[in-house]
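Take a look at the structure set out below.
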Amino acid sequence: MSELPQEHIDLVFSLKAMRRGLLLAILGSLLLIVSIATIANPVMAMAFLGTVLRNFVALVLALAGVALFLVGFYFMFVPGVTELKESDPDYATPAVLIEYGYMFGLILLIFGILFAWSAFGQLMQVLSFLLLIIGTIGMIILCFKLYSNEESNLYVIAGFLLIVGVFIGVAMLASYILMYLALGKTIRRYSTSKTTRLGTT
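Taking my numbering, the leading residue of the sequence shown gets 556, the next gets one more, and so forth.
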C-alpha cells in the first residue's frame, strides 16, 4: 500500500470501510430474517421447546441483528461513503443524500417510535420514511456512479435491486450482497493499479 499514490490509499480506505459496513449490515439482516422465521415458520418453531424459549431466542436474534445492522451501516458504511466523497468529489451528490437522508431519517424514526401514540410521532414517522427514501436514492445514484466509473455489472444490478427493495425488503439485502462483492473487486484493483482515480486507466 505504501507504494500506491496517496489518493489510491484514501480511496481504498474508504471502500474498505464501506465494505466492512455492508458485511455487518448483511449479517444483521440475516439474523433478523432468522428471528422472524423462528416465530412464523412452523418448522423453525418446532426446533425450540415451548413458546417462551422460542420467543426469547427470536428476541435475542432480533436485537443482535438490529445492533449489527446499525453499527455496520451507520457507523461504517455511511462514514465510508463520506470519506469517499472527500477522496473523489465525483461522489459528492450520492454521499450527501446518503448521509443526511439515512442519518436524519433514523433520528426522526426514533422520535416517531417514542411518540407513536401522538400526532407528532406519526408525523415523525412519515418524515423519517421520506428521508430514508432520499437516502436510498443516494444509494442508487452511488451504485450507478460506481458502475459508470468501474464498469462492473454488479453495481448496476445492485442499483436496480435497491429500487425494487423499496417495495420488497429481500431485494435490498440482495443489493447489499452484490455491492459487497463488487467493492471487493474494486478494492483489489486499486490496491495494485496505478490509475489516478476511479474509472481511469
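Even glycine gets a Cβ: it sits at the ideal position worked out from N, Cα and C.
Counted as a single uninterrupted DSSP element, the alpha helix (DSSP H) harbouring Phe659 occupies residues 647–669. As the crow flies, the alpha-carbon of Leu728 is around 16 Å from that of Val633.
The count of Cβ pairs closer than 8 Å, one atom from the segment 648–667 and one from the segment 607–620, stays below three, leaving the stretches out of contact. In this chain, the alpha helix (DSSP H) harbouring Val636 covers 633–642. By the CB criterion at 7 Å, Leu736 and Ile689 fall outside the cutoff.
Under the DSSP assignment, Tyr629 falls outside any alpha helix (DSSP H); it carries neither an H nor an E label. The C-alpha of Tyr731 is placed about 14 Å away from the C-alpha of Ile692. Annotation: Ser673 is outside any alpha helix (DSSP H) and is labelled neither H nor E by DSSP.
Closest in C-alpha terms to Gly714, from the list Phe630, Phe722, Ile696, comes Ile696.
Assignment of Ile696 by DSSP, reduced to helix, strand and coil, places it in the helix class. Remark: C-beta atoms of Gly627 and Leu587 do not approach each other more closely than 7 Å.
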